[in-house]
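Let me begin by presenting the structure, written as structure tokens, before commenting on it.
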Amino acid sequence: MDAALGAPAKMADREDDLTPMMAQYFELCREYDDSLVLFQVGDFYEAFCEAAERVARLCEITLTKREDSTGEYAMAGIPIDNAESYIERLLEAGYRVAVADQVEDPDEVTGVVDRAVTRVVTPGTLTEDELLRSADNNYVACLTASDTDRDASTGERDRARGTARPRADENGPYGLALLDVSTGDCYATSADRLDSVADELGRFAPAEAIVGPDAPVDVFDGDCMVSPYERTAFETDRARERVQAYFGDLALADQAEVRACGALLAYAEYTRGGNPDAGDIGDDSTAAVAGPGGTTAEGEATAALDYINHLTRYDPREYMLLDRVALESLELFDRRAVHGHQGLTLVDALDETACALGRRKLNDWLRRPLLDEDRIAARHDAVAELTGDVTLRERLHELLDDVYDIERLVSRVARGRANARDLRSLHDTLAVVPDVEAALADVESKTLVELRENLDSLADVRDLIDRAIREDPAAELTEGGVVKPAFDDELGTLRETEREGKAWIDDLQAGERERTGIDSLKVGHNSVHGYYIEVTDPNLDSVPDDYTRRQTLKNAERFVTPELKEREDEIIRAEGRADDLEYELFCEVRRDVAEESERVQALADRLARLDVFVSFASVAAKFDYSRPEVGADGFEVEAGRHPVVERTEERFVPNDAHFDDQDFFAVITGPNMSGKSTYMRQVALIAVLAQAGSFVPAAAARLPVVDRVFTRVGASDDIAGGRSTFMVEMTELADILGNATENSLVLLDEVGRGTSTADGLAIARAVTEHVHDEVGATTLFATHHHELTGIADELPGVFNLHFETEREGDDVVFEHEVAPGAAAASYGIEVAKMAGVPDDVVARSRELLDESDAGAAAEPAVETNGHDSSESVRVSNTADDPDDGDRDDRDVDEPADSPLAEELEALDVATMTPLEAMNALAELKESLDE
Numbered sequence: 015m016d017a018a019l020g021a022p023a024k025m026a027d028r029e030d031d032l033t034p035m036m037a038q039y040f041e042l043c044r045e046y047d048d049s050l051v052l053f054q055v056g057d058f059y060e061a062f063c064e065a066a067e068r069v070a071r072l073c074e075i076t077l078t079k080r081e082d083s084t085g086e087y088a089m090a091g092i093p094i095d096n097a098e099s100y101i102e103r104l105l106e107a108g109y110r111v112a113v114a115d116q117v118e119d120p121d122e123v124t125g126v127v128d129r130a131v132t133r134v135v136t137p138g139t140l141t142e143d144e145l146l147r148s149a150d151n152n153y154v155a156c157l158t159a160s161d162t163d164r165d166a167s168t169g170e171r172d173r174a175r176g177t178a179r180p181r182a183d184e185n186g187p188y189g190l191a192l193l194d195v196s197t198g199d200c201y202a203t204s205a206d207r208l209d210s211v212a213d214e215l216g217r218f219a220p221a222e223a224i225v226g227p228d229a230p231v232d233v234f235d236g237d238c239m240v241s242p243y244e245r246t247a248f249e250t251d252r253a254r255e256r257v258q259a260y261f262g263d264l265a266l267a268d269q270a271e272v273r274a275c276g277a278l279l280a281y282a283e284y285t286r287g288g289n290p291d292a293g294d295i296g297d298d299s300t301a302a303v304a305g306p307g308g309t310t311a312e313g314e315a316t317a318a319l320d321y322i323n324h325l326t327r328y329d330p331r332e333y334m335l336l337d338r339v340a341l342e343s344l345e346l347f348d349r350r351a352v353h354g355h356q357g358l359t360l361v362d363a364l365d366e367t368a369c370a371l372g373r374r375k376l377n378d379w380l381r382r383p384l385l386d387e388d389r390i391a392a393r394h395d396a397v398a399e400l401t402g403d404v405t406l407r408e409r410l411h412e413l414l415d416d417v418y419d420i421e422r423l424v425s426r427v428a429r430g431r432a433n434a435r436d437l438r439s440l441h442d443t444l445a446v447v448p449d450v451e452a453a454l455a456d457v458e459s460k461t462l463v464e465l466r467e468n469l470d471s472l473a474d475v476r477d478l479i480d481r482a483i484r485e486d487p488a489a490e491l492t493e494g495g496v497v498k499p500a501f502d503d504e505l506g507t508l509r510e511t512e513r514e515g516k517a518w519i520d521d522l523q524a525g526e527r528e529r530t531g532i533d534s535l536k537v538g539h540n541s542v543h544g545y546y547i548e549v550t551d552p553n554l555d556s557v558p559d560d561y562t563r564r565q566t567l568k569n570a571e572r573f574v575t576p577e578l579k580e581r582e583d584e585i586i587r588a589e590g591r592a593d594d595l596e597y598e599l600f601c602e603v604r605r606d607v608a609e610e611s612e613r614v615q616a617l618a619d620r621l622a623r624l625d626v627f628v629s630f631a632s633v634a635a636k637f638d639y640s641r642p643e644v645g646a647d648g649f650e651v652e653a654g655r656h657p658v659v660e661r662t663e664e665r666f667v668p669n670d671a672h673f674d675d676q677d678f679f680a681v682i683t684g685p686n687m688s689g690k691s692t693y694m695r696q697v698a699l700i701a702v703l704a705q706a707g708s709f710v711p712a713a714a715a716r717l718p719v720v721d722r723v724f725t726r727v728g729a730s731d732d733i734a735g736g737r738s739t740f741m742v743e744m745t746e747l748a749d750i751l752g753n754a755t756e757n758s759l760v761l762l763d764e765v766g767r768g769t770s771t772a773d774g775l776a777i778a779r780a781v782t783e784h785v786h787d788e789v790g791a792t793t794l795f796a797t798h799h800h801e802l803t804g805i806a807d808e809l810p811g812v813f814n815l816h817f818e819t820e821r822e823g824d825d826v827v828f829e830h831e832v833a834p835g836a837a838a839a840s841y842g843i844e845v846a847k848m849a850g851v852p853d854d855v856v857a858r859s860r861e862l863l864d865e866s867d868a869g870a871a872a873e874p875a876v877e878t879n880g881h882d883s884s885e886s887v888r889v890s891n892t893a894d895d896p897d898d899g900d901r902d903d904r905d906v907d908e909p910a911d912s913p914l915a916e917e918l919e920a921l922d923v924a925t926m927t928p929l930e931a932m933n934a935l936a937e938l939k940e941s942l943d944e
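For my numbering, count along the sequence shown from 1 and bump the result up by 14.
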């Protein structure tokens with residue numbers, strides 16, 4: 015166990031003798047033994063012993079020490095005012111941080127101030143603006159399985175085999191719940207197979223997860239922190255009770271979903287300062303806690319998260335599935351490569367949103383494109399109307415630009431962490447709503463009409479905030495300047511008393527100068543001595559008898575009079591009581607606003623959707639997108655463009671795409687850099703955009719409803735997972751062949767390049783046959799195996815495409831235009847020259863190529879990579895002559911009696927399906943690598 019976590023060993027040896035404060039720290043460390051405990055001492059959060067050493071090193075702060083009667087302890091502290099920046103470093107180092115605040119006012123307590131953990135900061139439950147670096151959702155997930163007797167060795171066997179992701183379904187169904195604590199967005203679903211769970215995790219990309227005692231952990235990727243949590247939280251009855259407390263009698267699919275949702279809500283409460291033992295609803299998990307510095311009113315903030323009031327139970331089959339591989343390959347949210355023009359992603363190209371609400375909704379729509387044609391058409395109707403009305407579009411963008419992130423804001427309100435400025439921001443957003451309604455007065459599309467009719471301006475909440483909170487309130491809640499005096503009669507009286515007293519003091523200086531004849535007399539105030547009358551030493555003889563000395567300075571004396579003292583006491587009493595009353599009133603207003611959290615969240619959702627529609631329309635108008643027709647039998651794209659690449663290139667060549675029931679599998683050939691990968695991706699992105707509700711970058715587009723996009727693009731390895739580049743490629747390929755349907759879109763950019771040309775060609779052909787014969791998915795297969803183009807004459811659904819290229823001397827010119835038929839050559843040496851490979855290497859390459867071509871000219875040859883190859887001849891002849899099985903084509907370095915040869919001899923190739931042959935080949939290749 016990490017020595018920085020749990021109760022410090024040095025303190026454990028002297029537990030009975032610890033001072034009261036250190037005993038508090040020791041108990042909290044023991045209670046929150048999976049987190050680094052930061053313990054408030056005055057204006058700092060302190061850590062002690064091994065935790066202090068770790069904090070000092072990670073945060074680059076000074077390690078000091080604390081000494082008391084029990085010994086000497088290492089100590090490191092971070093200032094509370096700047097705590098978040100240090101906590102962020104601890105999170106990046108893989109720690110969870112338990113923040114223990116003073117929950118009593120030191121001025122009102124005799125002895126040691128009580129402290130309690132008010133929040134546990136974890137990667138998936140962030141709510142602080144300083145830690146939430148973007149407007150994107152930040153999810154924590156919970157996974158459970160129905161089989162509580164899960165065989166733990168299953169995952170170990172999978173990892174030993176190097177399987178990319180678990181596909182076992184012995185313990186299904188699995189329940190998956192996801193929650194964004196900062197916004198209240200909560201989702202639940204279930205799946206019978208782990209690979210389906212992995213797909214959903216890839217879609218939401220949670221930053222953290224908790225896992226039931228019966229569920230696997232290896233389904234989560236390395237970017238997701240898997241945190242331990244109490245087993246009792248996953249008990250069905252306890253979980254159901256918690257779900258009902260938040261959402262009422264909500265219908266969930268099965269027991270696994272109930273357990274996932276209940277445990278996740280318990281964990282969210284725990285991170286907000288709830289009971290670490292995941293107690294039942296109604297126990298001290300909802301005890302009052304204080305914010306940083308102990309400033310939250312007693313009873314104001316509780317662990318129960320009342321703003322989480324809506325659970326979306328969804329079926330993954332309602333949306334186009336884009337798994338982690340597809341999201342990365344298509345660069346929807348993150349660039350796959352470190353180099354590239356401007357670093358744009360798809361979401362960057364589409365993001366013309368005006369507010370954070372719209373940005374999150376845009377991400378959500380792109381992660382979950384629709385499958386229902388009517389819902390897709392409804393979104394297109396809204397975009398079409400806004401595209402055609404530039405005045406309305408610009409007016410809405412202008413109004414939405416004044417909308418704050420009220421989802422996160424209302425979550426802070428509900429948790430008792432919002433300040434007065436947050437409430438004014440909510441007020442300013444609500445003030446925009448009537449103008450938005452007015453702007454939408456004449457819209458005609460059903461979607462926009464429904465948005466307008468369902469906009470709730472929350473006039474009552476806006477009026478409450480307007481009456482109660484000053485227009486420019488103070489940042490601190492306990493020092494006044496927050497609530498308008500007119501909001502409360504008592505507050506008004508107190509502030510008037512304070513004002514009159516200060517006005518009397520303002521006039522005192524002139525009166526006393528006249529009464530005493532001392533022109534240099536001054537009336538002042540400081541926090542230590544209060545109000546005073548200051549007289550310089552040369553004028554002390556003129557001081558009246560009613561002056562009482564208060565303070566002696568080097569060249570002056572300070573005095574007070576009975577009347578000044580009386581006024582001072584009056585001001586102090588009024589000001590102190592008014593400040594306290596303001597805070598009480600503010601907390602009441604904040605509670606009243608928190609009770610309307612559900613209405614605020616509903617408004618936020620509608621404003622977010624409107625913002626995305628405006629963004630889609632703005633992009634369509636600016637970049638000449640067209641409305642697609644979704645629901646066709648195939649792809650008919652005229653002059654299609656890549657939505658990202660066209661922004662980064664001075665000239666982009668549009669290309670058509672035609673796929674139907676007769677021609678659904680395209681073998682695409684052409685040189686590197688000619689545009690094959692761009693073309694394939696743009697077809698997929700056009701489908702994604704259309705089903706998300708956007709117009710598409712094309713002159714016209716008729717598209718089918720795609721249930722899933724599969725991609726086998728690019729080369730990467732997983733060294734940490736023990737998988738080579740070829741193994742990663744084969745695993746992705748196996749996923750495609752096992753899960754694609756006739757309604758899927760498959761992109762294959764090179765298959766089999768991690769092995770010999772013969773093996774690679776064999777795999778490529780087997781894959782083509784399997785997808786054509788068994789799956790029937792619309793497929794774009796880019797390859798340099800030019801032999802594969804001949805399959806178009808054998809399989810009716812396969813056709814050839816190539817990218818036009820012209821040779822100019824020793825150079826080639828890429829025209830980036832797709833055309834029917836196969837490419838004449840791959841021009842690999844020419845591309846190498848363009849890339850800057852030294853001339854002598856290029857020249858030698860040409861010599862070797864010429865020699866190869868000359869050697870192959872004497873026998874029948876099949877072109878490979880644009881040139882004749884003796885190896886390709888051997889593969890072709892073997893494939894074409896089934897009776898030539900006695901020919902010895904083994905590698906010269908492989909003895910005939912080797913174990914690998916024995917395994918090959920044992921294979922019954924004649925009875926294998928293409929998929930079985932490919933899996934067997936992958937296993938043999940892995941054995942060879944080992």
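No residue lacks a Cβ here, since even glycine has one placed at the ideal position from N, Cα and C.
Same chain only: Cβ atoms within 8 Å of residue i, ignoring 5 sequence neighbours per side
| i | result |
| --- | --- |
| Asp647 | Asp674, Asp675 and Pro718 |
| Arg28 | Thr84 and Gly85 |
| Ile75 | Val69, Ala90, Gly91, Ile92 and Tyr100 |
| Arg10 | Summary: the structure shown does not reach residue 10, with the chain confined to residues 15 through 944, and so no result is reported for it. |
Strand pairing of residue i, partner residues [DSSP]
| i | result |
| --- | --- |
| Leu759 | Val723 and Thr792 |
| Ile322 | Answer by DSSP bridge pairing: none, since Ile322 is not bridged. |
| Gln116 | Arg129 |
| Phe62 | Met89 |
| Arg68 | DSSP, once it has assigned bridges, lists no residue as partnering Arg68. |
| Val644 | Leu717 |
| Asp16 | None, per the DSSP bridge assignment. |
Sequence-distant residues of the same chain with beta carbon closer than 7 Å to residue i, five excluded per side
| i | result |
| --- | --- |
| Asp470 | Arg613, Ala616 and Leu617 |
| Phe248 | Thr158, Gly226, Pro227, Arg273 and Ala277 |
| Ala748 | Asn933 |
| Leu140 | Leu146, Asn152 and Ser196 |
| Phe573 | Tyr546, Ile547, Val549, Val557, Tyr561, Thr562, Arg563 and Arg564 |
N- and C-terminal bounds of the alpha helix (DSSP H) containing residue i
| i | result |
| --- | --- |
| Tyr188 | Premise fails: Tyr188 lies in the beta strand (DSSP E), Tyr188 to Asp194, not in any alpha helix (DSSP H). |
| Ser629 | Ser611 to Phe637 |
| Asp362 | Leu360 to Leu364 |
| Ser439 | Ala434 to Ala453 |
| Phe40 | Pro34 to Glu45 |
| Ala23 | Ala23 to Ala26 |
Neighbourhood of residue i by C-beta, 6 Å cutoff - its chain only, sequence neighbours within 5 removed
| i | result |
| --- | --- |
| Arg68 | Ala18 |
| Ala292 | Residue placement at Ala292 is poorly supported in this model, since its pLDDT is 49, which falls under 50; the coordinates are not used for a value here. |
| Glu908 | Any reading at Glu908 must be qualified, since the residue scores a pLDDT of 47, below 50, and its modelled position is unreliable; the value itself is stated next. Once the five neighbours on either side are set aside, Glu908 has no close Cβ partner at all. |
Beta-carbon separation (whole angstroms), residue i vs residue j, contact threshold 8 Å
| i | j | result |
| --- | --- | --- |
| Val154 | Ala221 | 7 Å |
| Asp237 | Ser160 | Asp237 to Ser160, Cβ: 27 Å. No contact. |
| Thr326 | Tyr201 | 5 Å |
First and last residue of the uninterrupted beta strand (DSSP E) at residue i
| i | result |
| --- | --- |
| Leu157 | Val154 to Ala159 |
| Pro93 | Gly85 to Pro93 |
| Gly590 | Note, Gly590: premise wrong, no beta strand (DSSP E); alpha helix (DSSP H) at Pro576 to Ala608. |
Contained beta strand (DSSP E) runs [length at least 3] in the region 705-732, N- to C-terminal order: 714-717 and 723-726
Just to confirm the assignment: which complete alpha helix (DSSP H) runs, minimum length 4, are found wholly within the region 467-527? 473-482
Suppose only complete runs of 3+ residues qualify. What are the beta strand (DSSP E) ranges in the region 218-244, listed by chain order? 222-225 and 239-241
Only counting runs of 4 or more residues, tell me where the alpha helix (DSSP H) segments fall wholly within the region 791-848, in order along the chain. 842-848
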